[in-house]
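Each remark here refers to the structure printed beneath this line.
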Amino acid sequence: MKNNVYQFPQGKQREAVKKAASQSKRKRFFAKFLKLFSKGIHWVWFSIRLVIASSLHTVTGILLALLYGFKGVIIFLGGGICLVTYFHLGKHFIAPNNYTLPILAAVCIIALLGEALITFLNDVMPFHRLLGIWDKEAKIKDDESRQVANDG
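Residues in the sequence shown are numbered consecutively from 234, following this note's numbering.
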């Protein structure tokens, strides 16, 4: 019968075993806490990047849509302002302190290319890629799943 009895530590040994058990329990608790805390920080950082990228994407898309929507007015007024400025500057396209012509020309070009730029913006998602939210693998998998869904 003596062989079946476990000898529990007594006195100082018992305190040492209790201390070791509480230390290992504390270490496990802090490891779980740090893991949970780091996941929380990761998700907060991801959320901040997602909000910034989505905001930039939306604002850029709206600006391009407005320019494309009013391209006729922009080209008419921009062309008139460009003609007046060109003759006002002594038949020069640019002056050291006046960049009106290149800026208006760029706005007119962007207005004409608005639809293509919006399509590019929605397909490539540059702000999401820049902030590390959208990667090529996800886009490829998404395209493959869409193609499979369309084939079936």
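Cβ atoms here follow ideal geometry from the backbone N, Cα and C, with glycine treated the same way. Just so you know, these numbers come straight off a predicted model, no measurement behind them.
DSSP assignment within the region 315–349 yields the following whole alpha helix (DSSP H) runs of 4 residues or more, N-terminal first: 333–345. The distance from the Cβ of I285 to that of L364 is about 6 Å, consistent with a contact at the 8 Å cut-off. Taken through DSSP and simplified to helix, strand or coil, G365 comes out as coil.
The DSSP-derived three-state label of G302 is helix. Counting the other CB atoms within 10 Å of its CB gives I307 a total of 16 or more, which places it among the buried residues.
Rounded to whole angstroms, L267 and G244 show a C-alpha spacing of 35 Å. L297 sits buried, since 16 or more C-beta atoms from the chains shown fall within 10 Å of its C-beta.
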